[in-house]
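K.L.:
To start, I am sharing the structure in question, which I have written as structure tokens.
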Amino acid sequence: FTDADVYQQSFDPREYLKEFYSLSDSQGQPNTLLMQNLRSLFKMFSLDGLRGDTLLDVGCGPTIYQLLSACEHFQEIIALDYADQNRRELEKWLKNEAGAFDWRPVVKYVCELEGDREKWAEKEEKLRKKVRRVLKCDVTKANPADPVSLPPADCILSTFCLETACKDLATFRSTLRNIGALVKPGGHLVMVTVLQETYYTFNKQVFSCLRLERKEVEEALEGAGFDVKFSEVQPYLPGDVRTDCEAVLSLVARR
Numbered sequence: 001f002t003d004a005d006v007y008q009q010s011f012d013p014r015e016y017l018k019e020f021y022s023l024s025d026s027q028g029q030p031n032t033l034l035m036q037n038l039r040s041l042f043k044m045f046s047l048d049g050l051r052g053d054t055l056l057d058v059g060c061g062p063t064i065y066q067l068l069s070a071c072e073h074f075q076e077i078i079a080l081d082y083a084d085q086n087r088r089e090l091e092k093w094l095k096n097e098a099g100a101f102d103w104r105p106v107v108k109y110v111c112e113l114e115g116d117r118e119k120w121a122e123k124e125e126k127l128r129k130k131v132r133r134v135l136k137c138d139v140t141k142a143n144p145a146d147p148v149s150l151p152p153a154d155c156i157l158s159t160f161c162l163e164t165a166c167k168d169l170a171t172f173r174s175t176l177r178n179i180g181a182l183v184k185p186g187g188h189l190v191m192v193t194v195l196q197e198t199y200y201t202f203n204k205q206v207f208s209c210l211r212l213e214r215k216e217v218e219e220a221l222e223g224a225g226f227d228v229k230f231s232e233v234q235p236y237l238p239g240d241v242r243t244d245c246e247a248v249l250s251l252v253a254r255r
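61 is the number that UniProt numbering gives to position 61 of the sequence shown; each next residue is one higher, with no gaps.
Shown next, in the form of structure tokens:
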């Protein structure tokens, strides 16, 4: 199983963004998975009670797409990731530095879902203001943000992280308890995870993934003290050689 150190040493955020986060590929084909995830996140963050002061994005990677709907409902965002180069790549965009990844097509798509495509620049500014800290984290630790001690948050968001960080179901369960402890009672966990995937690949590298079933994820959440409030599975397009993913699970759970 791909070790955390491999991510630290050889995960290339630029190549990853180029491969998976353009709204359309080099042949002009739409990025169906990304659009589907943006719609799911928009839907989940529109649910009742999904608002508050602080949101923690656990395992943010080098991406911001997962925060575009969330930033409308929370005042302060803390982004956490294990790999230094992912946090640097994210900070490049947050600081509006030259050479940062161009998220504008994705931001415009989300603004369109929200009813006004022209508000994209405003949304970018809002998100840049709201992400207050970018911290290192290790989800397998009892305190994932160690040595930083974070006050309990209103919401935790985790997209495509835990399945790549957990080598087996027991680790997955304990990891959910670890990040679950970062949420205040009555707070929420918003999660997007792949189902029945054992690998994903880009830039001639293969990364392993814990093969999960919907039931296993939901039971692990219940075991971590959460009630599942929303759960939706969408099939993944067959024929993508970059992964053996079967479906994507989006869910909201309340602690």
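No residue lacks a Cβ here, since even glycine has one placed at the ideal position from N, Cα and C.
(1) Taking the CB atoms as reference points, tell me whether V233 and R214 lie closer together than 8 Å.
(2) If you scan the region 20 to 94 from start to end, which runs of the beta strand (DSSP E) of 3 or more residues do you find wholly inside it?
(3) Would you please state the rounded distance, in angstroms, between the beta carbons of G186 and F226? I believe it to be under 8 Å.
(4) Rounded to whole angstroms, what's the CA-CA distance from L212 to E197? Just pull it up for me.
(5) Roughly how many angstroms lie between the CA atoms of S208 and D244, to the nearest whole one?
(6) Could you tell me if K123 is buried or exposed, where buried requires 16 or more neighbouring beta carbons within 10 angstroms of its beta carbon?
(7) Consult DSSP for G187 and reduce its assignment to one of helix, strand or coil.
(8) Can you check whether the C-beta of S22 is within less than 8 Å of a C-beta belonging to chain C?
(9) Tell me, to the nearest whole angstrom, how far the beta carbon of R14 is from that of E89; I am working on the premise that it is less than 8 Å.
(10) In angstroms with no decimal places, state the Cα-to-Cα distance between D168 and L94.
(11) Is the beta carbon of I78 closer than 8 Å to that of L162?
(12) Taking all protein chains shown into account, decide if Q9 is buried (16 or more other Cβ within 10 angstroms of its Cβ) or exposed.
(13) Rounded to whole angstroms, what's the CA-CA distance from L249 to F42? Just pull it up for me.
(14) Kindly list the residues whose CB is nearer than 7 Å to the CB of L47, restricted to its own chain and excluding five residues on each side of it in sequence; keep chain order.
(15) So L157 and V190 are in contact, right, with Cβ under 8 Å, and what is the actual spacing, rounded?
(16) Determine the burial state of L237: buried for a count of at least 16 other Cβ atoms within 10 Å of its Cβ, exposed for fewer.
(17) Do D53 and F74 have their C-beta atoms closer together than 8 Å?
(18) Could you check whether P144 and L195 sit closer than 8 Å to each other, using their CB atoms as the reference points?
P.N.:
Once the coordinates are examined:
(1) yes
(2) If we require 3 residues or more, the beta strand (DSSP E) runs fully inside the region 20 to 94 come out as 52 to 58, 74 to 81.
(3) Incorrect: roughly 11 Å between the Cβ atoms, too far for contact.
(4) Going by the C-alpha atoms only, they are around 7 Å apart.
(5) 11 Å
(6) buried
(7) In the three-state DSSP reduction, G187 falls in the strand class (E or B).
(8) In summary, chain C is missing from the structure at hand, where a single protein chain is found.
(9) 7 Å
(10) Here the C-alpha atom of D168 lies approximately 34 Å from the C-alpha atom of L94.
(11) No, the Cβ-Cβ distance between L162 and I78 is not below 8 Å.
(12) Label assigned to Q9: exposed.
(13) 14 Å
(14) F230, V252
(15) Yes, L157 and V190 are in contact; Cβ-Cβ is about 5 Å, under 8 Å.
(16) exposed
(17) yes
(18) No, Cβ-Cβ distance for L195 and P144 is not below 8 Å.
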